[in-house]
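Undergrad: Provided herewith is a single structure, encoded as structure tokens, for subsequent inquiry.
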Amino acid sequence: MLSARFTAAVEYARIAHAGQTRKGTAIPYLQHLLGVASLVLEHGGDEDQAIAGLLHDVLEDCGEAHAGTIGERFGERVLAMVLGCTDGTAEAKAVLADAGARRRDWLCRKQAYLNHLAHASDEMLLVAGCDKLHNARAIVGDLERPEVGQGVFERFTGGRDGTLTYYRLLVDLFTQRGAAMAPALEATVARMDALAGENLRDA
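Quick note: the sequence shown uses my numbering, first residue 16, plus one each step.
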């Protein structure tokens, strides 16, 4: 059973991410956070892991100052998972002025994050994997929409090739680690690859 802590985390995420939307859409960012928490529960996670799913992007998108509050309100276990899911803070990203610097930073962060996931705790790995699964499904959904299609990759610093490569590497890593959501991620990324190829041929 989920307790009042989960409800409090939903409200914390709602307020922290107020005004933020999913890349290239008008969808409130909370939709992604609720989706990740739902996937965590679907794949056997407990309440702390689901709360970490709700809060996993707070430091990255809203600032490092939230770390202390998350630890105080939701516990050190939740904070450790949120920190483990963070591959760059809002403050660090804000200083990157040009596209070249952002791409170099993206490549370094993604490689460092993959290295980090390879040795992460199983409980954090599930939260991170559900985040990637929800993101991958959103990309597939946009690839399936004729009005978006290949244009979905323009939203991402890594572009089409970088994004596809990153998700393939994620599939390999989560599969090797035996993460519960790995089969779902593998199927989703296979669909992403197929649609990206189809859209490229049609262009």
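Even for Gly, the Cβ is constructed at its ideal location relative to N, Cα and C.
What are the boundary residues of the alpha helix (DSSP H) that includes D102?
TA: Element bounds for D102: n/a, residue is neither H nor E.
Undergrad: Pull the bridge partners of T36 from the DSSP assignment, please.
TA: Answer is P43, bridged to T36.
Undergrad: Please classify E106: is it buried, with 16 or more other beta-carbons within 10 angstroms of its beta-carbon, or exposed?
TA: Note that E106 scores 47 on pLDDT, short of 50, meaning its location in the model is unreliable; the coordinates nonetheless yield the value given after this. That one is exposed.
Undergrad: Here's the rule: buried if 16 or more other CB atoms are within 10 angstroms of the residue's CB, otherwise exposed. What is A133?
TA: By the 10 Å Cβ count, A133 comes out exposed.
Undergrad: P198 by DSSP, collapsed to three states: which one?
TA: The answer is helix: DSSP assigns P198 an H, G or I state.
Undergrad: The alpha helix (DSSP H) spanning F89 covers which residue range?
TA: Its alpha helix (DSSP H) spans residues 81-89.
Undergrad: Taking only the alpha-carbon atoms, compute the straight-line gap between A28 and L45 and give it to the nearest angstrom.
TA: Between A28 and L45, the C-alpha separation is close to 7 Å.
Undergrad: Taking only runs of the alpha helix (DSSP H) that begin and end inside the segment 156-202, which ones reach a length of at least 4 residues, in chain order?
TA: For the segment 156-202, whole alpha helix (DSSP H) runs of length 4 or above, ordered along the chain, are 174-192.
Undergrad: Touch check for the segment 180-197 and the segment 53-69: three-plus C-beta pairs under 8 Å?
TA: Short answer: they touch.
Undergrad: In three-state DSSP terms, what is S4?
TA: Beyond the ends of the chain as shown, which are 16 and 218, falls residue 4; an answer cannot be given.
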